[in-house]
Amino acid sequence: MRSADNVINGPVYADVPKAPFTPGPAGTHITIRGLTKYFAGWPLYENFDLDIPKNRIVSVFGPNGCGKSTLINMIAGLVPIDSGEILFDGKSLKDTKIGYVFQNYREAMFPWMRTIDNIAYPLKLEGRSKAQVDRRMEELVASFDVKFDLKRYPYELSGGQQQTASIMRALAPEPEVLFLDEPFSALDFEMTLFIREKLQEVFMQTGTTMLLVSHDLEEAVYLADQVLLLTKRPTRVAEILPYGDARPRTVETLSEPSFVSTKKRSLEIFQREVRR
Amino acid sequence: MAESAQQAGAAPWQSPAASAAGAPTPPRPSPWLKALPFIGPVVLFIVWDLAVRSGLIKAILLPPPADTIATLITGLAGGALLGDFAVTVWRTLQAFVIAAVVGVPLGVLLGSNEKAYRSVEFLIDFFRSTPSSALIPLFLMIFGVSDVNKVAIAAFGALLIVVFNSAYGVMNARKQRVMAAKVMGASRWQIFRDVLVWESLQPTFVGLRSAVSMALVIVIVAEMFIGSDSGLGHRIINSQQVMNVRDMYASILAAGALGYALNILFLVAERRIVHWSGR
Numbered sequence: 001m002r003s004a005d006n007v008i009n010g011p012v013y014a015d016v017p018k019a020p021f022t023p024g025p026a027g028t029h030i031t032i033r034g035l036t037k038y039f040a041g042w043p044l045y046e047n048f049d050l051d052i053p054k055n056r057i058v059s060v061f062g063p064n065g066c067g068k069s070t071l072i073n074m075i076a077g078l079v080p081i082d083s084g085e086i087l088f089d090g091k092s093l094k095d096t097k098i099g100y101v102f103q104n105y106r107e108a109m110f111p112w113m114r115t116i117d118n119i120a121y122p123l124k125l126e127g128r129s130k131a132q133v134d135r136r137m138e139e140l141v142a143s144f145d146v147k148f149d150l151k152r153y154p155y156e157l158s159g160g161q162q163q164t165a166s167i168m169r170a171l172a173p174e175p176e177v178l179f180l181d182e183p184f185s186a187l188d189f190e191m192t193l194f195i196r197e198k199l200q201e202v203f204m205q206t207g208t209t210m211l212l213v214s215h216d217l218e219e220a221v222y223l224a225d226q227v228l229l230l231t232k233r234p235t236r237v238a239e240i241l242p243y244g245d246a247r248p249r250t251v252e253t254l255s256e257p258s259f260v261s262t263k264k265r266s267l268e269i270f271q272r273e274v275r276r
Numbered sequence: 277m278a279e280s281a282q283q284a285g286a287a288p289w290q291s292p293a294a295s296a297a298g299a300p301t302p303p304r305p306s307p308w309l310k311a312l313p314f315i316g317p318v319v320l321f322i323v324w325d326l327a328v329r330s331g332l333i334k335a336i337l338l339p340p341p342a343d344t345i346a347t348l349i350t351g352l353a354g355g356a357l358l359g360d361f362a363v364t365v366w367r368t369l370q371a372f373v374i375a376a377v378v379g380v381p382l383g384v385l386l387g388s389n390e391k392a393y394r395s396v397e398f399l400i401d402f403f404r405s406t407p408s409s410a411l412i413p414l415f416l417m418i419f420g421v422s423d424v425n426k427v428a429i430a431a432f433g434a435l436l437i438v439v440f441n442s443a444y445g446v447m448n449a450r451k452q453r454v455m456a457a458k459v460m461g462a463s464r465w466q467i468f469r470d471v472l473v474w475e476s477l478q479p480t481f482v483g484l485r486s487a488v489s490m491a492l493v494i495v496i497v498a499e500m501f502i503g504s505d506s507g508l509g510h511r512i513i514n515s516q517q518v519m520n521v522r523d524m525y526a527s528i529l530a531a532g533a534l535g536y537a538l539n540i541l542f543l544v545a546e547r548r549i550v551h552w553s554g555r
């Protein structure tokens, strides 16, 4: 329809051929290619590429407003992308089971359902039979070592219990990827420690790929196999730091030289990016 | 549900209190606090009584409160007042049920399709702002002087309130709950059924409560001015015309009591059904 003669400042992408798809290295779970997202007319992500490894925990860390949450929300399909491609083991999101843990558990749980029904909800959506749901629920309760009454309504539980329940809900259908958007930010210190250990336990049991957004560097490094550091917008990958201390990591881990140096290096990169 | 929560919550509390013998007990609320709600009505009755006794207001315009209450009680305990009371209740309920049965689904549907709501928003807001009593002549033309007319106009006034509140309840549903359902793989229909409908319940109840009050107001007005031979409105205007003030005030109090009782009834139902509201 558009003739080349009368278009003076035509859209640039019209003439750019689609980049050939390059798969990530072996062990890649999520491949992001050419991701572009505009926010209020400004590019937030432009032609962004990233490989997220399978069966690893990746912590996302970066300056304010660089779109950490937006990144995982785009991968999880909660925020539409302008262009680009996101594949899970080569499949689209539609064919991939994911779990998502929100920061604000109060507005993520359904207060009209008992906690146990909240956790079973994704299983019912899948159309599993009553017996299958019951079996899976029992597994979950056992592996989380739940000490509170799941027959209560969510609002009758403490914040940490509600967040535990929402992690259980996210994990119930045995997702391939678990997204965690600042899951500790609304919790007190005691509960943060508790949930952190729970997550580590679950990860050691299941090896579920996890993407964690955190604003607490210690937390981000403590759980991570990789720390993904982002730049200011338009956001690019500043650096990906591997962190390989063996699990289970404990309080002692926090004073290991490897932990300290990874955290220090992350902070240096972070500060470099903030000042840039 | 509330009981079990209370018991469970109370259990860990008791042990420290029991072990700490002689510890100061928490201050007991003064019995006066419980009497506070009664002070207003009692003062009103005293002032009313004094005004009549002292001759400030002629007894032909205002009967003594004790007589009025007596008329109200004998009237409601099987007298003629009871019949009119029942007729008004019946008309209000009919109007309300029509408004609720049509209005809640309509509001929820409009709310889940914002474009549809925007296209009728002006009409809803306009007629919601139009005093329904102004439409009485219009309804007279359509339905004639009949019982149906009174119910129809009250249902119309109540319907708009229900539609408006239910629609906004859906539109203002917590986005994050919708996202949570979406990320778990819920279809649009499942999100509607499992999240939006529930999220709209609380505003829907606000709408239903206002709607029942509105229905009562319109029914009473219609009973007064659309040729009627029964109902509280008819009784009030009739006793006024024959200067039977005792009966008039008793009927007014009966209408007030009805409105108040309906309001309380809905508040209790809301607290039962929308148990999570405000938590």
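Protein chains in written order, with our numbering: chain A, 1 to 276; chain B, 277 to 555.
Backbone N, C-alpha and C define an ideal beta-carbon position, used for all residues, glycine too.
Source: prediction; values computed, not measured.
Chain B within 8 Å of residue i, Cβ atoms only
i      : result
A/P43  : no
A/M1   : Low local confidence applies: a pLDDT of 48 at A/M1 is under 50, so the model's placement there is unreliable, with the coordinate-based value given in what follows. Output row for A/M1: interface = no.
A/P63  : no
A/Y155 : yes
A/I167 : no
A/N104 : yes
A/P122 : yes
A/Y222 : no
A/L125 : yes
A/E252 : no
A/L78  : yes
A/E107 : yes
A/F110 : yes
A/I98  : yes
A/S266 : no
Identity of the residue in the options nearest residue i by Cα
i      : options                           : result
A/Q103 : A/N73, A/P80 and A/S129           : A/N73
B/N389 : B/G445, B/I412 and B/A537         : B/G445
B/A434 : B/S409, B/L348, B/M455 and B/S395 : B/S409
A/T89  : A/I52, A/I81 and A/D216           : Going by the sequence as given, residue 89 of chain A is Asp instead of Thr. Closest by alpha carbon: A/I52.
A/L87  : A/E190, A/P43, A/E252 and A/D49   : A/D49
B/T364 : B/R404, B/A392, B/V495 and B/K334 : B/V495
B/V521 : B/L348, B/F314 and B/R304         : B/L348
A/E249 : A/R275, A/K198, A/G160 and A/I81  : Inspection of the sequence shows that residue 249 of chain A is occupied by Arg rather than by Glu. The candidate whose alpha carbon is nearest that of A/R249 is A/K198.
B/L414 : B/N425, B/F542 and B/E499         : B/N425
Neighbour flag for residue i against chain A, beta carbons, 8 Å
i      : result
B/V471 : yes
B/W474 : yes
B/A537 : no
B/A456 : yes
B/W552 : yes
B/M560 : Nothing about residue 560 of chain B can be reported from this structure: the residues present for chain B run from 277 to 555 only.
B/Q517 : no
B/R450 : yes
B/Q466 : yes
B/R555 : yes
B/R522 : no
B/R547 : no
Rounded separation between residue i and residue j - CA only
i      : j      : result
A/S69  : A/D181 : 6 Å
A/V227 : B/L382 : 50 Å
B/I502 : B/V493 : 14 Å
B/I437 : B/A487 : 6 Å
B/S422 : B/G316 : 40 Å
A/S143 : A/L78  : 29 Å
A/T22  : A/K232 : 26 Å
A/A172 : A/L123 : 7 Å
A/R128 : B/W465 : 18 Å
A/Y100 : A/M204 : 18 Å
B/Q478 : B/S553 : 7 Å
A/E139 : A/L187 : 26 Å
Residue i - DSSP class collapsed to helix/strand/coil
i      : result
B/H510 : helix
B/M460 : coil
B/I557 : Residue 557 of chain B falls outside the range modelled here, since chain B spans only 277 to 555, and no answer is possible.
A/Q103 : coil
B/F542 : helix
B/G298 : Residue placement at B/G298 is poorly supported in this model, since its pLDDT is 49, which falls under 50; the coordinates still yield a value, given next. Correct three-state label for B/G298: coil.
B/S476 : coil
DSSP beta-bridge partners of residue i
i      : result
A/K37  : A/Y45
A/I98  : A/V177
A/E126 : Answer is none; A/E126 lacks a bridge partner.
A/D245 : Note: A/D245 sits in no beta bridge, so no partner.
A/F277 : Nothing about residue 277 of chain A can be reported from this structure: the residues present for chain A run from 1 to 276 only.
A/V237 : A/L230
A/I52  : A/I30
A/L212 : A/S59 and A/L180
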